[in-house]
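Notes follow once the structure below has been shown.
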Amino acid sequence: MQEFQRRNFHVSRHPVASLILRRIGLALVTLLAVSVVVFALVQALPSDAAEALLGQNATPQAVAHLRQELGLNEPVVARYFAWLARLLSGDLGRSLANGLPVSDLLRDRLANTLFLFLVSATASLPLALLLGLACATWRGSLFDRVCNIVAASLISSPQFLVAYLLIYLLSVSWGLFPSSADIRPGMATQDKFYVAFLPAVTLCVIVVAYMLRMTRAAILDVLGNDYIRMAILKGVKQRRVVVHHALPNAIAPIAIVVALLLAYLIVGVVIVETVFVYPGLGQLLVDAVGKRDIVVVQAVSMIFATAFITFNTLADIVSIICNPRLLYPRA
Amino acid sequence: MPGFENDHSVYNAPGKINRRRFLTGAAGITLVPALGGTLAYAADQPKRGGTLRVGFGTGSTVDDLDPSRVGEAFKVTLARGTLRNNLTEISPAGELVPELAERWDVSPDARTWTFTIRKGVEFHNGKSLTPADVVASINYHRGETNKSGARSLLADIEEIKTDGPDKVVVVLKRGNADFSYYTSIFQLQICPEIDGKLDVLSGIGTGPYKLTEFAAGVRATGTRNPNYFRSDRAFFDAFEFRALLDATARTNALLTNAVDVIVPADMQTIDLLKRRAGLEVFSVPTRHHHVFPMQVTNAPFANSEVRMALKYAFNREAHVQKILKGFGTIGNDHPIAPSDPFYAKDLPQRGYDIDKAKFHLKQAGLSKLEVSLSGSDSPYAGCVDACALFKEYAAPAGIDINVVREPRDGYYANVWMKRPFLASYWVGRPTADMILTTVYSSGSSFNETSWKNPRFDQLLTEARAMLDQNARRERYVELQTMLYQDGPTVIPAFANYTGAHSSKLRHGQIGGNAEADDFKIAERWWFA
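So the sequence lines, in the order shown, correspond to chains B and G. Just so we're aligned: the first sequence equals residues 14 to 344 in our numbering. Just so we're aligned: the second sequence equals residues 2 to 529 in our numbering.
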């Protein structure tokens, strides 16, 4: 009872702040758990960095020397905590494969991935929300049906197909845009837009298709509620019903969709990066896993996990703020 | 016949090899239409200018310019062929020619080698090349704990020292008539010694181009070295190498004129590229070969008759046609390529023969045989398909092959030399001695089959120290015959190097020792 009262008191004083703090705490715990899992998974893969780096030159003698040099003979747990201690002091460590500081390896690639992310997100989110709203508003109209069919076909076709179609039409046939994204540090911004155009469009196409359907579904779900019927019965116009009555209540589910797709735009770009030879984090991660370069794998995984967890936490927080019922989960 | 230039590319001694032998693989045949439009090449004089843009199918984010580390075509073309030089190089015709060494002399016992270093050569930073740089560059790969791929090749060096202002003397523990060839391998790039330390990472070399930018796994760019010691090479003003790992992306880059040449061409679409106007496809016979090694310490493969049965039970033509799409030459169960001066040309070509396979199985006292064959995507594209082909072709002989698809990652750590029968490959080595010693001598840590033969080892050591080419040839022919008859490995084919380039690019005979014209594409090619 006492505990209940204390909690109640606490919640009633700073309900949102305390929930948000708790979410952030949970996010940090999740991040730590991800680092343990990634570390364990790389350990579980057959062969280690020494063998992977030496390839066909991996004589037992050479492997033993390289292991010694890379410190791979230390116990796994000790290596994990050493890595964690370095990370907490702000040092990402050095690549096992070529001895370069991981922060150097990441710098340009992280900037490239963020650039692609920002371009695709800014273009796709407003477009998707507007289209989703429009579809819900004019539900069952020709516009709605066309949008739905196109979105469904885009979602059902593999991402690389969309990429190849775009390359075939806009690059190989008409020569409008480069087929591979030769993005360089120090490039003028308009040139960056130009070379990143096709990868960004590919990502946008998929994200818009998903978001459009999710937004539409979320709003239609809300539109089925009694208070909407009430609004319609009292003669409110359709557009006003959607924008003023349905949308505020649909914000929470839409926020979750937005968060998932934003996370997807950062972590799910491996295929797009491969098809367009875009020098982002995806290729770095693939290479690092191949070479069992656990230091780089950990660094990239942490970036991806941080992005994913941040967006999800933000989505949670937005839902909490928008929906007073969630402030009292046990009530 | 300039149209056939590529067919000659790895001939060590033109005229000594029966050219028809090359054409038994389909490569020669498919080349004829491909090069039909290029008859004007020979008449072209190289011109200076332009930026060479190459799209490589290799390149990794872990690449650096350290010559002791394992490297693929992107990295080695950059480091060995574009930024730095070696003492010697192998010409497209297969001869060892001077690079930074003006000349080299050998003592009659083939133990003492004296290299005379070219005078007046400067590194990109203005430092003059000295014999001390050469000694440091070679010593960089020596020592028991060294990780360099060249360590075992240099293990026989007793002493290496400078001698006067322009000479480097290498004394070997045992005679080696091929030591001068060793100085051409990609690891033995000559780097500058700066403040007593060898500079292996910056890319400063004596080579035809200076490095401007190197983003590992993405791109490398550079400009022509105005002080390059060769005035008859390096025609481009600048170069730009890009790592285009995805085969479709690479092909598209060529089609959209984002690059001028791609290495390699994608086997699935190479026929379509050939038909496209404005593009040329090239294909060069090499020493790179595919192998099915058998662990002779394991029960069925300990018996030479069983090994022979398997050698007859595989269709090599099918391997060349289906796995290599015709871009290769059939093998004869020894690793010496037809282009090698010591190639045993009188050894009959082994073919697919079910009766003989059955006969040898019977000699081994077996009526049928069950074996597992491991493969993965790691050794070469189509490797698992090659195992499946083996299974199909061997079945009528009463040999039941169980194909095991192994994970791509860690194939060379966990499968190779661990499973009794598997699929793999060997990159070509510049001399017969190098490949025979590496893979088949009993002391080698790369002897993948544990096959040991004292007579083989003895002949190999003898031949290595001989300077008389005819006496050497006799021994190498016998070594090839031993592998052909008793050897532990089915060698189905030698694979060609392929690529495609814009018709605006010109080149002479393309070298078949390594990809990208022996890594020297930026030095040897030019724009029309």
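Beta carbons: idealized from backbone N, C-alpha and C, even for Gly.
At a cut-off of 9 Å, the C-beta of B:R197 has a neighbouring C-beta in chain G.
When DSSP assignments are scanned along the segment 364-405 of chain G, the uninterrupted stretches of beta strand (DSSP E) that are 3 or more residues long and fall wholly within it turn out to be 370-376. A residue is called buried once 16 or more other Cβ atoms fall within 10 Å of its Cβ, and G:I263 is buried on that count. Under DSSP, G:G56 takes part in a beta bridge, and its partners are G:R243 and G:I263. In this structure, the beta-carbon distance from G:I118 to G:P431 does not fall below 9 Å.
Two segments are said to touch when three or more pairs of C-beta atoms, one from each, lie closer than 8 Å; by this definition the segment 315-333 of chain G touches the segment 476-495 of chain G. Relative to G:Y182, the option among G:T287, G:S425, G:E159 and G:E90 whose CA is nearest is G:E90.
A direct Cα-to-Cα measurement between G:A217 and G:L84 gives close to 15 Å.
Taken through DSSP and simplified to helix, strand or coil, B:D300 comes out as helix. G:T450 and G:P489 have their C-alpha atoms roughly 6 Å apart.
Counted as a single uninterrupted DSSP element, the stretch harbouring G:F215 is not any alpha helix (DSSP H) but the beta strand (DSSP E) occupying residues Y210 to A216.
DSSP places G:D272 in the helix class (H, G or I) of the three-state scheme. Taking 9 Å as the CB threshold, G:G411 lines the interface with chain B. Of all residues in the segment 262-294 of chain B, only T287, V288, F289, V290 and P292 come within less than 8 Å of chain G when Cβ atoms are compared, listed by chain position. In chain order, N111 make up the part of chain B whose C-beta sits under 7 Å from the C-beta of G:D65. Exposed is the label assigned to G:N403, since fewer than 16 other Cβ atoms lie within 10 Å of its Cβ. The Cβ of G:R152 sits closer than 9 Å to at least one Cβ of chain B.
For the pair G:A266 and G:V55, the Cα-to-Cα distance works out to about 12 Å. Residue-level contact by beta carbon holds for G:L246 and chain B, with a gap shorter than 9 Å.
Of all residues in the segment 204-219 of chain G, only E214, A216, A217, G218 and V219 come within less than 9 Å of chain B when Cβ atoms are compared, listed by chain position.
Taking C-beta atoms as the reference points, G:L189 and G:S203 fail to come closer than 9 Å. Taking 3 residues as the minimum length, the beta strand (DSSP E) runs contained wholly in the segment 158-209 of chain G are 158-164 and 168-173, in order along the chain. For G:A338, the three-state secondary structure derived from DSSP is coil.
Residues of chain B with a Cβ closer than 7 Å to the Cβ of G:S61 are, in chain order, D300. Closer than 9 Å at the C-beta level to chain G, one finds these residues of the segment 300-314 of chain B: D300, A301, V302, G303, K304, R305, D306 and V309. Counting along the chain, B:G145 sits inside the alpha helix (DSSP H) bounded by residues V115 to T150. Short of 6 Å from the beta carbon of G:L245, and not among the five residues preceding or following it, lie these beta carbons of its own chain, in chain order: G56, R251 and A254. G:S425 counts as buried, since no fewer than 16 other beta carbons sit within 10 angstroms of its beta carbon. Excluding its 5 nearest sequence neighbours in each direction, B:L278 has C-beta neighbours in its own chain below 7 Å: F130, S133, A134, L216 and V220, listed in chain order. For the beta strand (DSSP E) assignment, the segment 182-236 of chain B encloses no uninterrupted run of at least 3 residues. If only uninterrupted beta strand (DSSP E) runs of at least 3 residues are considered, those enclosed by the segment 453-521 of chain G are 490-496 and 498-503. By the 16-neighbour rule on beta-carbons within 10 angstroms, G:A314 is buried. As computed with DSSP, G:G223 is found in a beta bridge with G:L212 and G:F240.
Note on geometry: alpha-carbon atoms of G:G279 and G:F242 lie some 21 Å from one another.
In the DSSP assignment, G:L97 falls within the beta strand (DSSP E) that extends over L97 to P99.
In the three-state scheme derived from DSSP, where H, G and I count as helix and E and B as strand, G:W417 is classed as coil.
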